[in-house]
Amino acid sequence: MNTTAVKLIKGMSAFIATLLILFGAKFLWQNYSITIPLNKELMIIGEVEKIIVEKPLKIHEPVSIIVSLNNVSNFQKTYTEINEKVAQALENRHYKIHINDNSTNELDKLYTDISLYVEKSLIDGNFPELVEKGQKLAEAIDAETIISIDDIYIYVHIAKTDKDLYKLVPRR
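Each residue of the sequence shown is one higher than the last, beginning at 1 in the working numbering.
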């Protein structure tokens, strides 16, 4: 084997080893600086059942946090607490929180009906009517609707037996 081939093999081996070390360091950094602390913080919240953290492929993309909830009595309070803990854990990084639910077609259809009143209330500001209409529509299928509002979101929680639907509607 000539010396050029040996140098080429050594160079390629060093390059591959460097890449492996860099990707390994990135994996460890993301797990120990983001995923594990975030899981630990969010699992303290009683209503949180499962968390999945999807790391972005590109630097400028937001971190995607998928949260599954269980037995939520106050969706607004729970979401606010989740959002605060995520913001604290990720500091200045951009993120998106996705709420997983165990909805049914019946609950999805009910939300579709309620969403018309949600849009109407966003236009005219008549939120008491939204809550009233949502409860009436839910009673028709023996479900329960809890709609709460703050400056940022309209929180819609629809429950029937052991199935839940959670929707977050931005007010702006």
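Even glycine gets a Cβ: it sits at the ideal position worked out from N, Cα and C.
Being a predicted model, the structure only gives us computed values, none of them experimental.
Reducing DSSP to helix, strand and coil, say where residue i ends up.
| i | result |
| --- | --- |
| Pro170 | strand |
| Ser68 | strand |
| Ser115 | helix |
| Glu81 | helix |
| Asn2 | coil |
| Ile59 | coil |
| Glu49 | strand |
Which value, in whole angstroms, describes the spacing of the CA atoms of residue i and residue j?
| i | j | result |
| --- | --- | --- |
| Thr145 | Ile51 | 25 angstroms |
| Ala140 | Val63 | 39 angstroms |
| Ala159 | Glu54 | 28 angstroms |
| Ile82 | Arg172 | 21 angstroms |
| Ile45 | Thr78 | 8 angstroms |
| Thr3 | Ile16 | 20 angstroms |
| Gln135 | Lys58 | 43 angstroms |
| Val67 | Thr80 | 13 angstroms |
| Asp142 | Tyr155 | 20 angstroms |
| Asn100 | Tyr166 | 8 angstroms |
Buried or exposed: which applies to residue i, given that a residue is buried once 16 or more other Cβ atoms fall within 10 Å of its Cβ?
| i | result |
| --- | --- |
| Lys7 | exposed |
| His157 | buried |
| Ala89 | buried |
| Asp164 | buried |
| Phe75 | buried |
| Lys133 | buried |
| Ile36 | exposed |
| Asp108 | exposed |
| Ile9 | exposed |
| Ala14 | exposed |
Where do the ends of the alpha helix (DSSP H) carrying residue i lie?
| i | result |
| --- | --- |
| Asn39 | Ile36 to Met43 |
On the DSSP letters alone, give me the boundaries of the beta strand (DSSP E) that residue i sits inside.
| i | result |
| --- | --- |
| His98 | Tyr95 to Asn100 |
| Val91 | The sequence given here has Glu at residue 91, not Val. Where Glu91 is concerned, there is no enclosing beta strand (DSSP E), given that its DSSP letter is neither H nor E. |
Runs of 4 residues minimum, wholly inside the segment 117 to 163: which ones carry the alpha helix (DSSP H) assignment?
Runs of the alpha helix (DSSP H) inside the segment 117 to 163: 127 to 140.
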